[in-house]
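Enquirer: Would you mind keeping the following structure in view while I ask a few things?
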Amino acid sequence: MKILFAVETNAGLDSVMDSRFGRAGYFLVYDTDEKKVLSVEENRFKNEAHGVGIKIASFVIESGCRVAIGAQPGPKAAVILEQAQVKMIVNDKGTVKEALERYKEELTV
Amino acid sequence: MYIAVASGKGGTGKTLVSTSLAASAGECTYVDLDVEAPNGSIFLKPKIEREIPYTLPVPEINEQVCTFCEKCAKSCSFNALAIIPPVRKAMFFPDLCHSCGVCAYTCPVDGALKEVEKGIGKIRTGRSGSIKFIEGRLNVGQPSGVPLISGIIDNYLDMDDLLFVDSSPGTSCPVVESLKKSDYVILVTEPTPFGLSDLKLTVELVKKLGKDAGIIVNKDNGRKTIIDDFSDETKIPVILKIPYSIDIQKDYSKGIPLIESLPRLKEKFNRMIDGITGKNERH
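So the sequence lines, in the order shown, correspond to chains A and B.
One rule links them: number in the working numbering = place in the first sequence (from 1) + 921.
One rule links them: number in the working numbering = place in the second sequence (from 1) + 220.
Printed below as a string of structure tokens:
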């Protein structure tokens, strides 16, 4: 399964989670089956004035990830992700590795 | 001639001044472009003759016909559309839409996306004696009054008339729109640090727009104030001072026009209007 992380830095699993979702620095896609980072893309919509959340939500859907982990998205992005049945996990603490561990822990509880 | 009345600070007397200008001039048009809170009508008490709904085109997507190709969403400069192909859904976010029509233009599928008219406010026109009255009134919850303001300016104003245009406070888009086509800007302020601070911002805007301007000091205490100093520095003339008076405040609170509570001001207003219009002819 592919998971998208909204991160501030580009350092693989050590990337720091961003405190913002739509305006995060990078989007990292991790595959839980292959246990590796598939891609890291710079957020090209980061500095747009309006509707960034909408663009990013569409980007998440296009990436094919069924789960997105990051800071609380804005209301527009949240409703689009919900409609697209992408599960949004709000967590902007620590690194990708830590966020992934926490997500796995929560799944097994 | 288009005379705009502006002020950075709210509550300095824009409506007091613009309705007094209209009432003093008599043969003129009063235009309320403070579309979020129009209240010149409280003083002028016009007889409203027409009430015209103001609409803008917005996209409506038929999900039965749409192929979810995303051309519309990708062409939108304001990101107002989201197309979700996996679940065959199209979402529209009206508060981001600027009614530019590019989505309808780029849609390749017949009947998938059409533009529908959405009401954003209304325009009321009428008369108050010899004064023509025009007012924009934005619907509550609308994100921007700019389209309504420009719609009134482009379609309802006769630029040959003597126009007194009441604008909203501040220095943002609605004010810029209200001032853009003006021949002269009257800046209403009060002799307080707040009045001066916001006057400075408005002067910056007026300079950027390249407009001629004059200052009216409201609630004046009869002495030389920080506004006079500012006028001396910037060479923007103080064209009128309205005295601070409890009687004016009392009448104002009852919706009685200024020139009724202080009739001697009518002549002053008219002399000032002559000065502005005469000055403009010399240009």
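Glycine is no exception: its CB is placed at the ideal position from the N, C-alpha and C atoms.
#1: Would you verify that the beta carbon of V307 of chain B is, or is not, closer than 8 Å to some beta carbon of chain A?
#2: Do we get a CB-CB distance below 8 Å when we pair L399 of chain B with the residues of chain A?
#3: Going by other Cβ atoms of all chains shown within 10 Å of its Cβ, with 16 needed for buried, is Y325 of chain B buried or exposed?
#4: Am I right that N931 of chain A and A945 of chain A are in contact with their C-beta atoms under 8 Å? What's the rounded C-beta distance?
#5: For the beta strand (DSSP E) holding D952 of chain A, just list the boundary residues, first then last.
#6: When Cβ atoms are compared, which residues of the region 304-335 of chain B fall closer than 7 Å to chain A?
#7: What is the rounded straight-line gap between the Cα of R1023 of chain A and the Cα of Q1004 of chain A?
#8: How many angstroms separate the CA atom of I281 of chain B from the CA atom of L301 of chain B?
#9: Which residues of chain B have a Cβ atom closer than 7 Å to the Cβ of K976 of chain A, listed in chain order?
#10: Using a cut-off of 9 Å between C-beta atoms, extract the partners of S936 of chain A located in chain E.
#11: In chain order, what are the residue ranges of uninterrupted beta strand (DSSP E) at least 3 long that sit wholly in the region 229-271 of chain B?
#12: Quick check: K265 of chain B and S348 of chain B, are their CB atoms within less than 8 Å of each other?
#13: By alpha-carbon positions, which one of B:T232, B:A245 and B:V237 ends up nearest to D381 of chain B?
#14: Where L333 of chain B and T275 of chain B are concerned, what is the direct C-alpha to C-alpha distance, given to the nearest angstrom?
#15: Mind checking if A242 of chain B is an interface residue toward chain A, Cβ cutoff 8 Å exclusive?
#16: Please confirm whether R502 of chain B has its beta-carbon closer than 8 Å to some beta-carbon of chain A.
#17: R502 of chain B by DSSP, collapsed to three states: which one?
#18: Would a check of beta-carbon distances place A226 of chain B closer than 8 Å to chain A?
#19: Establish whether the CB of K923 of chain A and some CB of chain B are separated by less than 8 Å.
#20: Hey, is G302 of chain B's beta-carbon within less than 8 Å of any beta-carbon in chain A?
#21: When DSSP labels each residue in this structure, what does G434 of chain B get in the three-state scheme?
#22: Is there a Cβ of chain A sitting closer than 8 Å to that of A433 of chain B, yes or no?
#23: Below 8 Å, how does it come out for the region 457-468 of chain B and the region 437-447 of chain B: are there three or more Cβ pairs, yes or no?
#24: Can you check which of these residues, A:A970, A:S936 and A:I924, is closest to E955 of chain A by C-alpha distance?
#25: Check the DSSP bridge columns for M1009 of chain A and list the partner residues they point to.
#26: Could you give the DSSP three-state label for S348 of chain B: helix, strand or coil?
#27: A1005 of chain A CB to nearest chain B CB: under 8 Å?
#28: Output yes if chain B places a C-beta closer than 8 Å to the C-beta of I982 of chain A; else output no.
#29: State the Cα-Cα distance for the pair I435 of chain B and N359 of chain B, rounded to the nearest angstrom.
#30: Chain B beta carbons: is any one of them nearer than 8 Å to that of G972 of chain A?
#31: Can you look up H318 of chain B in the DSSP assignment and give me helix, strand or coil?
#32: Taking the alpha-carbon positions, what's the H503 of chain B to S238 of chain B distance?
#33: Using the beta-carbon count (16 or more within 10 Å), is P413 of chain B buried or exposed?
#34: Is S979 of chain A close to chain B? Criterion is C-beta to C-beta, closer than 8 Å.
Expert: Concretely, from the data shown:
#1: Judged by the 8 Å Cβ criterion, V307 of chain B is in contact with chain A.
#2: Not an interface residue.
#3: Burial call: exposed.
#4: Contact flag wrong, Cβ pair sits at about 11 Å.
#5: From DSSP, the beta strand (DSSP E) with D952 of chain A extends over Y947 to D952.
#6: Here the close residues are I304, P306, V307, K309, M311, F313 and L316.
#7: Roughly 25 Å separates the two Cα atoms.
#8: Pairing I281 of chain B with L301 of chain B, the inter-Cα distance amounts to about 10 Å.
#9: Contact of K976 of chain A with chain B by beta-carbon distance below 7 Å involves N299.
#10: No chain E appears in the structure shown, which is made up of the protein chains A and B.
#11: Segments of the beta strand (DSSP E) lying fully in the region 229-271 of chain B: 248-252.
#12: Closer than 8 Å, so yes.
#13: Ranking the options by Cα distance to D381 of chain B, first place goes to B:A245.
#14: Approximately 18 Å, taken between the alpha carbons.
#15: Not flagged as an interface residue toward chain A: A242 of chain B, since no C-beta distance is shorter than 8 Å.
#16: Residue confidence for R502 of chain B is low, a pLDDT of 45 falling below 50, so the modelled location carries little weight; the figure read from the coordinates is stated next. No, because no Cβ of chain A sits closer than 8 Å to the Cβ of R502 of chain B.
#17: Residue placement at R502 of chain B cannot be trusted, given a pLDDT of 45 that sits under 50; what the coordinates show is reported in the next sentence. Assignment of R502 of chain B by DSSP, reduced to helix, strand and coil, places it in the helix class.
#18: For A226 of chain B, the answer is no, since every Cβ of chain A falls outside 8 Å of its Cβ.
#19: False, the Cβ-Cβ gap to chain B never drops below 8 Å.
#20: Reading the sequence as shown, one finds Ala at residue 302 of chain B and not Gly. Yes, contact with chain A.
#21: In this structure, G434 of chain B counts as strand in the three-state DSSP scheme.
#22: So no, A433 of chain B is outside the interface.
#23: Yes, they touch.
#24: That would be A:I924, whose Cα lies nearest to the Cα of E955 of chain A.
#25: Paired residue(s): A:A989.
#26: It is a strand residue.
#27: Chain B has a Cβ within less than 8 Å of the Cβ of A1005 of chain A.
#28: Yes, I982 of chain A counts as interfacial toward chain B.
#29: Annotation: I435 of chain B to N359 of chain B spans about 32 Å, alpha carbon to alpha carbon.
#30: Answer yes: the Cβ-Cβ gap between G972 of chain A and chain B drops below 8 Å somewhere.
#31: It is coil, neither helix nor strand.
#32: Unreliable placement is indicated for H503 of chain B, whose pLDDT of 44 sits below 50; the coordinate value is still reported in the next sentence. Those two C-alpha atoms are separated by around 24 Å.
#33: Its Cβ having fewer than 16 others within 10 Å, P413 of chain B is exposed.
#34: So, interface residue.
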